[in-house]
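Structure, as structure tokens:
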Amino acid sequence: MGRALVIPANPEAIFLPYQARWIEDKSRLKLMEKSRQIGLSWSTAYATVSRTALTSAKLDQWVSSRDDIQARLFLEDCKLWSGNLDLAARDLGELALDTENKHTAYTLRFANGKRIHSMSSNPDAQAGKRGGRVLDEFALHPDPRKLWSIAYPGITWGGAMEVISTHRGSKNFFNQLVREYKESGNPKKISLHSVTLQKALDDGFLYKLQQSLPDDDERQEMDEAAYFDWVKSGAADEESFLQEYMCQPADDDAAFLEYDLIAGCEYPSGVDWSLSEGGEFYAGVDIGRKHDLTVIWVIERLGDVLYTRHVETLKNMSKAEQEKVLWPLMQRCRRTSMDATGLGIGWADDAKLKFGEYAVEAVTFSTRVKEALAYPVRSRFEAKTIRIPHDKFIRADLRSVTKQVTASGNIRFTAERTADGHADRFWALALAIEAASAPAGGRWKPLTEQTEQNQQQSDLDKDWIPGDA
Numbered sequence: 003m004g005r006a007l008v009i010p011a012n013p014e015a016i017f018l019p020y021q022a023r024w025i026e027d028k029s030r031l032k033l034m035e036k037s038r039q040i041g042l043s044w045s046t047a048y049a050t051v052s053r054t055a056l057t058s059a060k061l062d063q064w065v066s067s068r069d070d071i072q073a074r075l076f077l078e079d080c081k082l083w084s085g086n087l088d089l090a091a092r093d094l095g096e097l098a099l100d101t102e103n104k105h106t107a108y109t110l111r112f113a114n115g116k117r118i119h120s121m122s123s124n125p126d127a128q129a130g131k132r133g134g135r136v137l138d139e140f141a142l143h144p145d146p147r148k149l150w151s152i153a154y155p156g157i158t159w160g161g162a163m164e165v166i167s168t169h170r171g172s173k174n175f176f177n178q179l180v181r182e183y184k185e186s187g188n189p190k191k192i193s194l195h196s197v198t199l200q201k202a203l204d205d206g207f208l209y210k211l212q213q214s215l216p217d218d219d220e221r222q223e224m225d226e227a228a229y230f231d232w233v234k235s236g237a238a239d240e241e242s243f244l245q246e247y248m249c250q251p252a253d254d255d256a257a258f259l260e261y262d263l264i265a266g267c268e269y270p271s272g273v274d275w276s277l278s279e280g281g282e283f284y285a286g287v288d289i290g291r292k293h294d295l296t297v298i299w300v301i302e303r304l305g306d307v308l309y310t311r312h313v314e315t316l317k318n319m320s321k322a323e324q325e326k327v328l329w330p331l332m333q334r335c336r337r338t339s340m341d342a343t344g345l346g347i348g349w350a351d352d353a354k355l356k357f358g359e360y361a362v363e364a365v366t367f368s369t370r371v372k373e374a375l376a377y378p379v380r381s382r383f384e385a386k387t388i389r390i391p392h393d394k395f396i397r398a399d400l401r402s403v404t405k406q407v408t409a410s411g412n413i414r415f416t417a418e419r420t421a422d423g424h425a426d427r428f429w430a431l432a433l434a435i436e437a438a439s440a441p442a443g444g445r446w447k448p449l450t451e452q453t454e455q456n457q458q459q460s461d462l463d464k465d466w467i468p469g470d471a
């Protein structure tokens with residue numbers, strides 16, 4: 003029992019200044035908006051172990067992570083600190099908290115009998131638990147508002163609640179908490195910490211990183227400015243860099259799909275999402291050659307939900323080389339909707355000859371066709387009847403599409419062309435959803451036929467005069 007008293011020295015001797023400030027802050031409500039991969043979860047694990055292992059500790063600690071993998075990694079950090087600090091702790095493995103609802107936690111028990119419970123993102127698992135709270139990668143949870151609402155009452159009888167996250171869009175509840183602090187007088191009395199990549203570098207992050215890297219790692223030769231540029235060049239786009247590394251949430255009012263909609267339909271980390279479950283396969287193909295990507299997106303329909311099973315991107319490849327990749331994937335699909343705009347005409351014609359008229363729908367992009375393709379994508383995300391990979395380039399493509407209303411009242415869907423394409427993954431997904439649009443056993447009506455009928459109806463509506471029968 004006595005070893006639980008051995009809590010070390012001053013955190014400033016071990017941690018970088020921004021980490022030490024976070025650890026030493028004893029506020030009841032703490033919130034950290036941060037850059038990616040700057041050691042905040044690691045330093046939070048130290049603080050969690052330190053307060054739980056004290057002989058005077060009265061409370062367990064409840065940690066909520068984005069998914070099961072992150073929950074296990076956080077507990078591994080806690081075990082590491084327990085060993086480094088010479089604290090008696092026993093890993094109890096995965097324990098059932100609620101067998102009826104299948105809530106479990108990875109648990110570490112200290113000599114004083116107090117425990118750290120590390121759980122994945124289910125907010126209901128927080129209900130009825132007394133003790134401190136750590137809500138890691140808070141904005142990435144499927145429903146941050148619900149998680150806060152259920153976790154917050156748990157500190158009524160003591161303990162603190164620590165919220166740590168990068169941003170996920172301007173409409174995410176995490177950003178609302180930050181804005182309350184900055185713009186509305188901080189009604190919740192939160193202690194806010196903000197650490198951008200630049201601030202972390204100013205506090206010595208690169209030197210500490212280089213100490214843990216292999217001698218031949220390219221970052222060993224970089225200074226802070228070069229490392230900053232290196233990180234920025236690897237981001238999916240400017241919006242992603244500002245959000246992931248500079249604490250600037252992406253503007254959800256400008257994009258067609260909000261971050262919360264996208265995040266709510268992403269597979270958890272570690273899930274093998276390519277595994278089939280015996281449903282029907284459909285594909286969407288957006289054609290590119292030099293400037294843009296060719297993307298094929300394969301989905302499996304199981305009931306009302308469409309599960310992504312394969313996403314392939316091709317660039318700077320001849321038509322023959324691309325067909326070697328596309329044809330085997332299309333062969334598995336009941337139907338494929340294929341971009342037949344510009345150079346896509348040749349691909350679509352050849353695909354029809356190979357697979358048949360019903361199996362391949364040639365889609366020529368126009369303003370009206372893009373509108374007909376885009377809205378079902380949003381509907382799927384709103385209803386959570388689509389599953390997509392957790393991938394920074396997919397997320398950037400989905401975010402890049404904006405809806406604009408012209409002076410004449412028409413709707414246009416546009417996306418900025420980047421080095422990684424022109425929202426090609428978005429349109430491939432939209433085409434895949436279109437391919438799967440007919441109910442099982444129902445009649446399928448090609449998109450071009452639908453849009454032509456809509457245009458004819460629109461023209462009739464314009465000619466209609468009030469009072470006519």
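In terms of the numbering used here, the sequence shown opens at residue 3 and continues consecutively.
Yeah, the Cβ is synthetic: ideal placement off N, Cα and C, and Gly gets one too.
No experiment lies behind these values; they were computed from the predicted model shown.
Legend entry - Uninterrupted beta strand (DSSP E) stretches inside the stretch 190 to 230 (no shorter than 3 residues): 193 to 197
Inset, instruction - State buried or exposed for Lys36, treating a residue as buried only when at least 16 other CB atoms are found within 10 Å of its CB. - result: Position 34 of the sequence shown, counting from 1, holds the residue named residue 36. Classification of Lys36: buried, given that the 10 Å Cβ count is 16 or more.
Inset, instruction - Pull up the distance between the alpha-carbon of Met332 and that of Lys116, whole angstroms please. - result: Here residue 332 is taken as the residue at index 330 of the sequence shown, counted from 1. Here residue 116 is taken as the residue at index 114 of the sequence shown, counted from 1. Distance between the alpha carbons of Met332 and Lys116: 56 Å.
Legend entry - Limits of the beta strand (DSSP E) - the one that Lys116 falls within: Indexing the sequence shown from 1 puts residue 116 at position 114. No beta strand (DSSP E) holds Lys116; DSSP gives it neither H nor E.
Legend entry - For Leu355, the first and last residue of its enclosing alpha helix (DSSP H): Walking along the sequence shown from the start, residue 355 turns up at place 353. Counting along the chain, the alpha helix (DSSP H) containing Leu355 begins and ends at 346 to 357.
Legend entry - Cβ-Cβ distance between Ala153 and Gln128 below 7 Å: On the sequence shown, position 151 is the one that residue 153 refers to. On the sequence shown, position 126 is the one that residue 128 refers to. Contact flag set, yes.
Inset, instruction - Please classify Thr416: does DSSP put it in a helix, a strand, or coil? - result: As a working mapping, residue 416 is identified with position 414 in the sequence shown. Thr416: strand per DSSP, three-state reduction.
Legend entry - For Gln324, the residue or residues it bridges with in DSSP: If you number the sequence shown from 1, residue 324 lands on position 322. According to DSSP, Gln324 bridges with nothing at all.
Inset, instruction - Using three-state DSSP, classify Trp159 as helix, strand or coil. - result: Taking the sequence shown and counting its residues from 1, the one referred to as residue 159 is at position 157. Three-state DSSP puts Trp159 in coil, outside helix and strand.
Inset, instruction - Indicate whether Ala49 and Ile71 have their beta-carbon atoms separated by less than 7 Å. - result: Taking the first residue of the sequence shown as 1, we reach residue 49 at position 47. Taking the first residue of the sequence shown as 1, we reach residue 71 at position 69. It is not a contact, given that the beta carbons lie outside the stated cut-off.
Legend entry - Stretch-stretch touch, CB-based, cutoff 8 Å, three pairs: the stretch 388 to 406 with the stretch 307 to 314: yes
Inset, instruction - Pick out whichever of Gln178, Pro391, Tyr377, Glu279 has its Cα sitting closest to the Cα of Thr404. - result: As a position in the sequence shown, residue 404 is number 402, starting the count at 1. Ranking Gln178, Pro391, Tyr377, Glu279 by Cα distance to Thr404 puts Tyr377 first.
Legend entry - The beta strand (DSSP E) enclosing Asp341, as first and last residue numbers: The residue given as residue 341 occupies position 339 in the sequence shown. Start and end: 337 to 341.
Legend entry - Element boundaries [beta strand (DSSP E), containing Trp64]: Counting from 1 along the sequence shown, the entry for residue 64 is found at position 62. From DSSP, the beta strand (DSSP E) with Trp64 extends over 63 to 66.
Legend entry - Where the alpha helix (DSSP H) through Tyr309 begins and ends: Within the sequence shown, the letter at position 307 stands for residue 309. Note, Tyr309: premise wrong, no alpha helix (DSSP H); beta strand (DSSP E) at 307 to 316.
Legend entry - Nearest-angstrom Cα separation, counted from Ser186 out to Ile301: Residue numbering aside, residue 301 sits at position 299 when the sequence shown is read from its first letter. Residue numbering aside, residue 186 sits at position 184 when the sequence shown is read from its first letter. Going from the Cα of Ile301 to the Cα of Ser186 covers about 45 Å.
Inset, instruction - Please say whether Lys148 and Gly266 have beta carbons closer to each other than 7 Å? - result: For this step, residue 266 is matched to residue 264 along the sequence shown. For this step, residue 148 is matched to residue 146 along the sequence shown. Contact flag unset, no.
Inset, instruction - Would you give the residue range spanned by the alpha helix (DSSP H) that Arg303 belongs to? - result: What you label residue 303 is simply residue 301 of the sequence shown in a count that begins at 1. Here Arg303 belongs to no alpha helix (DSSP H); instead the beta strand (DSSP E) covers 296 to 304.
Inset, instruction - Could you have a look at Ala421 and say whether DSSP puts it in helix, strand or coil? - result: One-based indexing of the sequence shown puts residue 421 at position 419. Summary for Ala421: the model assigns pLDDT 48, below 50, so the residue's position carries little reliability, and this model does not support an answer.
Inset, instruction - Assign Asp461 to one of two classes, buried (16 or more other C-beta atoms within 10 Å of its C-beta) or exposed (fewer than that). - result: Residue 461 sits at position 459 when you count from the first residue of the sequence shown. In this prediction, Asp461 scores a pLDDT of 44, lower than 50, which makes its location untrustworthy; the coordinate-derived value is nonetheless stated afterwards. Under this definition Asp461 is an exposed residue.
Legend entry - Asp27 versus Ala162: straight-line alpha-carbon distance, rounded: Translated into positions along the sequence shown, residue 27 becomes position 25. Translated into positions along the sequence shown, residue 162 becomes position 160. Using only the alpha carbons, I get a separation of about 10 Å.
Inset, instruction - Give the DSSP-derived three-state secondary structure of Thr369 in the structure shown. - result: Indexing the sequence shown from 1 puts residue 369 at position 367. DSSP places Thr369 in helix when its eight states are reduced to three.
Legend entry - the stretch 64 to 78 in contact with the stretch 220 to 227 per 3-pair CB rule at 8 Å: no
Inset, instruction - Could you spell out the range, first to last residue, of the alpha helix (DSSP H) harbouring Tyr154? - result: The residue given as residue 154 occupies position 152 in the sequence shown. Here Tyr154 belongs to no alpha helix (DSSP H), and DSSP marks it neither H nor E.
Legend entry - Sequence-distant residues of the same chain with beta carbon closer than 7 Å to Gly133, five excluded per side: Within the sequence shown, residue 133 is the residue found at index 131, counting from 1. Cβ within range, chain order: Leu61, Asp62, Gln63, Trp64, Gly156, Gly161.
Inset, instruction - Tell whether a beta-carbon distance below 7 Å holds between Pro251 and His169. - result: Along the sequence shown, read from residue 1 onward, the residue named residue 251 stands at position 249. Along the sequence shown, read from residue 1 onward, the residue named residue 169 stands at position 167. Yes, the pair counts as a contact, with Cβ atoms nearer than the cut-off.
Inset, instruction - With DSSP collapsed to three states, give me the class of Val403. - result: For this step, residue 403 is matched to residue 401 along the sequence shown. Coil, per DSSP.
Inset, instruction - Check the C-beta distance from Thr343 over to Ala437 and give it rounded, since I have them as a contact under 8 Å. - result: On the sequence shown, position 341 is the one that residue 343 refers to. On the sequence shown, position 435 is the one that residue 437 refers to. Wrong, their Cβ atoms sit about 16 Å apart, outside the cutoff.
Legend entry - Whether Ala47 touches Cys80 by CB criterion (7 Å): In the sequence shown, residue 47 corresponds to position 45, counting from 1. In the sequence shown, residue 80 corresponds to position 78, counting from 1. Yes, the Cβ-Cβ distance between Ala47 and Cys80 is below 7 Å.
Legend entry - Under 7 Å between C-beta atoms of Tyr247 and Leu203: By one-based count along the sequence shown, residue 247 stands at place 245. By one-based count along the sequence shown, residue 203 stands at place 201. No, the pair does not count as a contact, with Cβ atoms beyond the cut-off.
Inset, instruction - List the DSSP bridge partners of Ile390. - result: Looking up residue 390 in the sequence shown gives position 388. Answer is Glu268.
Inset, instruction - Using 10 angstroms around the beta-carbon of Pro330, count the other beta-carbons present and answer buried if the total reaches 16, otherwise exposed. - result: Here residue 330 is taken as the residue at index 328 of the sequence shown, counted from 1. So Pro330 counts as exposed.
Inset, instruction - For Gly348, count neighbouring C-beta atoms within 10 Å of its own C-beta (all shown protein chains included) and say buried if the count is 16 or more, exposed if not. - result: Reading the sequence shown from its first residue, position 346 is the one you call residue 348. Result: exposed.
Legend entry - Identified DSSP bridge partners for Tyr284: Here residue 284 refers to the residue found at position 282 of the sequence shown. BP columns for Tyr284 point to Ile301, Arg337.
Legend entry - Euclidean distance between Cα positions of Arg30 and Thr54: Here the question's residue 30 lines up with position 28 in the sequence shown. Here the question's residue 54 lines up with position 52 in the sequence shown. Between Arg30 and Thr54, the C-alpha separation is close to 16 Å.
Legend entry - Residue closest to Gly346, alpha-carbon to alpha-carbon, out of Ile289, Tyr229, Val233: Translated into the one-based positions of the sequence shown, residue 346 becomes position 344. Here the closest residue by C-alpha is Ile289.
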